[in-house]
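In full-length UniProt numbering, the protein residues as written are 1 to 266.
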Amino acid sequence: MLNRFIEGGFDYIKLDFMAHGAIEGVHYDKRISTGIQAYNYGMAHIRSLLSPERVGRPFFINLSIAPVFPYQYAHARRISCDAFGSIQDTEYMLNSLTYGWWMNNSLYRYNDPDHTVLYKSLKKPPTTENEAVSRLNASVIAGTVLLLSDDYRMEEARARTEKLLSNSNITRLARKGMSFRPVEGNTGSAASEFFTLQDGDEFYLAAFNYSDREAEKIINLSRIGLDERVEHVATDLWTGERMTVSKVLNIRLDAAQSRIFSIDRA
């Protein structure tokens with residue numbers, strides 16, 4: 001089967017339910033006595049079949065529902081189970097990022113935030129534009145394998161995707177392939193509301209409102225590692241709005257809304 005993908009010119013494969021290959025049991029190869037031993041054996045075989053030396057080109061391997069360890073067989077791993085387009089799905093995925101951000105570019109080159117639905121999932125109602133922006137923002141700050149997933153036969157899906165993906169500030173951030181870190185790491189079953197990224201001289205803050213009501217999110221600059229003794233300028237990457245900030249950043253968010261800011265010294 002893998003040879004058929006190679007012959008067809010593909011250079012990307014996503015393999016699902018990989019944890020099933022690590023289940024304990026009786027194995028055909030009697031030299032294998034544990035589930036992880038079987039998983040290592042199978043994944044090493046897949047990696048050898050899809051190696052650039054054999055294929056003649058790079059071949060990207062992405063895993064879903066896979067053990068965290070061993071990790072050396074793939075370029076990416078989906079960080080959560082299924083996540084669709086609602087704000088509840090966004091928080092669910094970001095809960096996984098809250099506790100699993102560190103795997104990006106350490107164990108796996110990319111965290112995979114699952115398919116990014118911007119308009120409508122199968123058998124589900126359309127999402128609001130705030131939900132769509134939040135789902136996209138969540139995927140961008142995850143690392144990211146940005147796999148868009150809508151039915152583009154629907155005019156509304158095409159229009160929304162074209163609108164949101166035309167924001168070069170957001171797509172540039174996605175191309176970094178860097179995971180944001182949660183500001184708070186002990187959030188129980190919920191996701192952190194704030195995430196940050198320091199990339200050289202660039203600093204970014206993402207803020208999310210997971211509720212169905214508008215909210216004001218307040219964050220001290222010192223809590224995100226910035227010097228609160230000096231003024232900073234926060235620029236919204238979606239609207240271009242700029243505001244001068246000292247000590248505390250107040251962020252107003254509508255229901256299911258999120259915002260990403262770049263923050264520089266004034």
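From the three backbone atoms N, C-alpha and C, an ideal C-beta is built for every residue, glycine too.
All of these numbers come straight from a predicted model, not from anything done at the bench.
Using the DSSP secondary-structure output, state which residues sit across from residue i in a beta bridge.
| i | result |
| --- | --- |
| E202 | D199 |
| Y110 | A76 |
| T127 | Per DSSP, none; premise fails for T127. |
| A132 | Answer is none; A132 lacks a bridge partner. |
| L15 | L63 |
| V248 | N220, S246 |
| R265 | H232 |
| N104 | Y108 |
Taking just the CA atoms, how far does residue j sit from residue i?
| i | j | result |
| --- | --- | --- |
| A38 | V245 | 55 Å |
| N209 | P52 | 43 Å |
| A142 | G35 | 29 Å |
| I32 | I13 | 26 Å |
| I218 | K247 | 11 Å |
| F69 | D82 | 20 Å |
| Q72 | G225 | 33 Å |
| S64 | Y28 | 24 Å |
| E156 | Y119 | 7 Å |
| D150 | Q257 | 20 Å |
Is it the case that the Cβ atoms of residue i and residue j are separated by a distance below 9 Å?
| i | j | result |
| --- | --- | --- |
| R109 | A76 | yes |
| A207 | F180 | no |
| E214 | D254 | yes |
| L107 | P182 | no |
| E231 | R265 | yes |
| K123 | S86 | no |
| A191 | N95 | yes |
First and last residue of the alpha helix (DSSP H) that includes residue i?
| i | result |
| --- | --- |
| N169 | 168-175 |
| D227 | Unbroken run through D227: none, as it is neither H nor E. |
Could you have a look at residue i and say whether DSSP puts it in helix, strand or coil?
| i | result |
| --- | --- |
| F180 | coil |
| T161 | helix |
| L243 | The sequence shown places Met at residue 243, not Leu. In the structure shown, M243 sits in a strand (DSSP, three-state: E or B). |
| A44 | helix |
| H232 | strand |
| S258 | strand |
| F5 | helix |
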